[in-house]
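Participant:
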Amino acid sequence: MINFGFSISKPRTIDIDRNNLHKSNEIIEAMPELQTCIGCGSCTATCTAGNLTEFNFRKVHTLVRRGEYQGAYEEMNKCMLCGKCRLVCPRGINTRGVVMLIKRKIGDF
Amino acid sequence: MKRSSWTDYQKEIADNNYYYARSCIRQNFFPGSEKAFLNILSKDLGRDIYDDPLHTSCTGIGYHGDIVPLETIMTVVARQFALMSEAGYENFTSSCITSFGIYTELLATWEEFPETEERTRENLYKATGREFTKPKNLAHTSDVIFHHRKEIGQKAKRKLINTYTGEPLKVVEHIGCHYAKIFPKSGIGGSEFPYVLAGMVEEWGGEIVDYPERRHCCGFGFRNYLVQANRGYSIANSHRKLESMAPFKPDFIVTNCPGCSMFLDKWQYTIAEMEGTTFGQNGCGIPVLTYEEMAGLVLGYDPWELGMQMHQVDVEPLLDKMGVEYDPSAKYLGVNGKYIGKPKKAIVNSRSKETLYRIKR
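Next comes the structure, spelled out in structure tokens:
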């Protein structure tokens, strides 16, 4: 391989055709109400961990549903499981359950 | 919108008497194309075209690279127009898409802001003692070929047909951003339904591939390429296009713009050397042709006379498919049979097994 002094930049787009959606489908199967998420961000806005760190629950679970698992487990470990997000979710999604489910399914993917 | 929407975007193209402005980078990378254009126009079609040795670069690369100021480029362009009037021509045709974009942009600027035109006239007079008149008709050279496509089709010695199967060749066309994305009205088919190259291909027997990233940039982008650290971004754009067209198994790519032909061709080599991926169905790269080369092949020109030995991706598989007779031993012989040197062996031409097409399947 020749070193040209630069590398091919990776695109930042999410290609669902290419991503492995196996785990994502398992998560949706186990918690179908996650599909009703409207992405309002109330969970993130009220998140205690998000207030102190870069943790963004909405972002992470959306990425996981699209098959982008890298780093999701480490991110979810920042959650303190206080459950405030569950109180504000307009769709009544068991968000704390989603955190646990993602950690269980993905592990250190 | 319908597929026929391109017909809403039409423009006047002069039929004869052209003043020809060359491109600065084209003669290095695709050296036979401009000569082929002049030959096709003057010898095959019997049109009058003037190739002026006095004209200069339009400085478009410097302008888009932020090192040539607007005032300067306006004066340089005004000088080109002055040379055109001095030579007794009114129809300006440029070989380069960037130049074409520049000419269109500056004519529109002078129209909208007449004071800038006055200032340019003054600058030109002070610098060179010349005065200019604006061209009556401005066309890119591909517009000129498009305009004569039926006549070329009638004189065709070969068609864009796969002689092994009798099927039309599958062609990917790329019009180049500065052709119609700056001023959609100035390009045939506008920026959404580019028809200038598609019209030629369909007229000469080929079939156009309408793939998802058809309108994506080739990756040139001036500053994105000129700075080495940014080239990863430039090549990523070409990668995206090539990746998107590969499953459609195109026989060749035809491009409108000097930069696009260069990047879609050379980056295939770079991608193959960097990650071992090739995009053609035979395990090699996809040949990239300029529209003049395509017209030249259709009119029966010798591929080595068209400068096709200078391509990074070998064109022989395409020539075989088209049934073009050529002498393989004459490939690297230049004018008067002088040996011009041979490139090193490259992955892009050596039938790699890791083709994207196979991976996708």
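Residue numbers (this note's numbering), protein chains in the order written: chain A, 6 to 114; chain B, 390 to 750.
From the three backbone atoms N, C-alpha and C, an ideal C-beta is built for every residue, glycine too.
Using the beta-carbon of each residue, which ones in chain B are nearer than 9 Å to G10 of chain A?
Facilitator: The answer, in chain order, is Q617, A618, R620.
Participant: Using the beta-carbon of each residue, which ones in chain B are nearer than 7 Å to S14 of chain A?
Facilitator: In chain order: G621, Y622, A625.
Participant: Keeping to the same chain, check which residues put their C-beta closer than 6 Å to that of G490 of chain B; ignore five residues upstream and five downstream.
Facilitator: Excluding sequence neighbours, G490 of chain B sits near H567, I571.
Participant: So for I541 of chain B, helix, strand or coil by DSSP?
Facilitator: Three-state result, I541 of chain B: helix.
Participant: Under three-state DSSP, which class holds S633 of chain B?
Facilitator: In this structure, S633 of chain B counts as helix in the three-state DSSP scheme.
Participant: Under 9 Å Cβ-Cβ, which residues of chain B neighbour M6 of chain A?
Facilitator: Residues of chain B passing the Cβ test: E662, M663, E664, G665.
Participant: Quick one: any contact between the region 59 to 70 of chain A and the region 82 to 92 of chain A, if contact means 3 or more CB pairs under 8 Å?
Facilitator: Because the criterion of three Cβ pairs below 8 Å is met, the region 59 to 70 of chain A and the region 82 to 92 of chain A touch.
Participant: Using CA atoms only, rank isn't needed, just tell me which of B:A618, B:E401, B:N417 is closest to H537 of chain B.
Facilitator: Taking only the C-alpha atoms, the option nearest H537 of chain B is B:E401.
Participant: Give the DSSP-derived three-state secondary structure of D532 of chain B in the structure shown.
Facilitator: In this structure, D532 of chain B counts as helix in the three-state DSSP scheme.
Participant: Threshold first: 4 residues or longer. Then list the alpha helix (DSSP H) segments lying entirely within the region 21 to 94 of chain A, N to C.
Facilitator: For the region 21 to 94 of chain A, whole alpha helix (DSSP H) runs of length 4 or above, ordered along the chain, are 27 to 35, 47 to 51, 53 to 57, 62 to 70, 77 to 81, 89 to 93.
Participant: Taking the continuous alpha helix (DSSP H) assigned at T757 of chain B, which residues delimit it?
Facilitator: No information on residue 757 of chain B is available, as it lies outside the stretch 390 to 750 that chain B covers here.
Participant: Counting only beta-carbon separations shorter than 8 Å, does R604 of chain B have a partner in chain A?
Facilitator: Cβ-Cβ to chain A under 8 Å: no for R604 of chain B.
Participant: Quick check: the Cα distance between P16 of chain A and D441 of chain B, rounded to an integer number of angstroms?
Facilitator: Between P16 of chain A and D441 of chain B, the C-alpha separation is close to 44 Å.
Participant: When you compare the CB of R612 of chain B with every CB in chain A, is at least one pair closer than 8 Å?
Facilitator: Not one chain A Cβ lies under 8 Å of R612 of chain B.
Participant: Whole angstroms are fine: how far does the CA of M473 of chain B sit from the CA of I541 of chain B?
Facilitator: The straight-line gap from Cα to Cα measures roughly 27 Å.
Participant: Whose CA, out of B:A410, B:M699, B:K559, lies closest to the CA of V465 of chain B?
Facilitator: Nearest option by C-alpha distance: B:A410.
Participant: Out of curiosity, what's the CA-to-CA distance linking C42 of chain A and G454 of chain B?
Facilitator: Straight-line Cα distance between these residues: approximately 45 Å.
Participant: Going by C-alpha to C-alpha distance, which of A:R96, A:N99, A:G97, A:A77 sits closest to K108 of chain A?
Facilitator: Cα-wise, what sits closest to K108 of chain A is A:A77.
Participant: Could you tell me whether the Cβ of E38 of chain A comes closer than 8 Å to any Cβ of chain C?
Facilitator: In summary, chain C is missing from the structure at hand, where the protein chains are A and B.
Participant: Terminal residues of the continuous beta strand (DSSP E) containing T679 of chain B?
Facilitator: T679 of chain B -> beta strand (DSSP E) spans 677 to 679.
Participant: Around the Cβ of N480 of chain B, are there at least 16 other Cβ atoms within 10 angstroms (buried) or fewer (exposed)?
Facilitator: Buried: at least 16 other Cβ atoms inside 10 Å.
Participant: Mind checking the region 647 to 659 of chain B against chain A and listing, in chain order, the residues whose C-beta falls within less than 7 Å of any C-beta there?
Facilitator: Answer set for the region 647 to 659 of chain B: T659.
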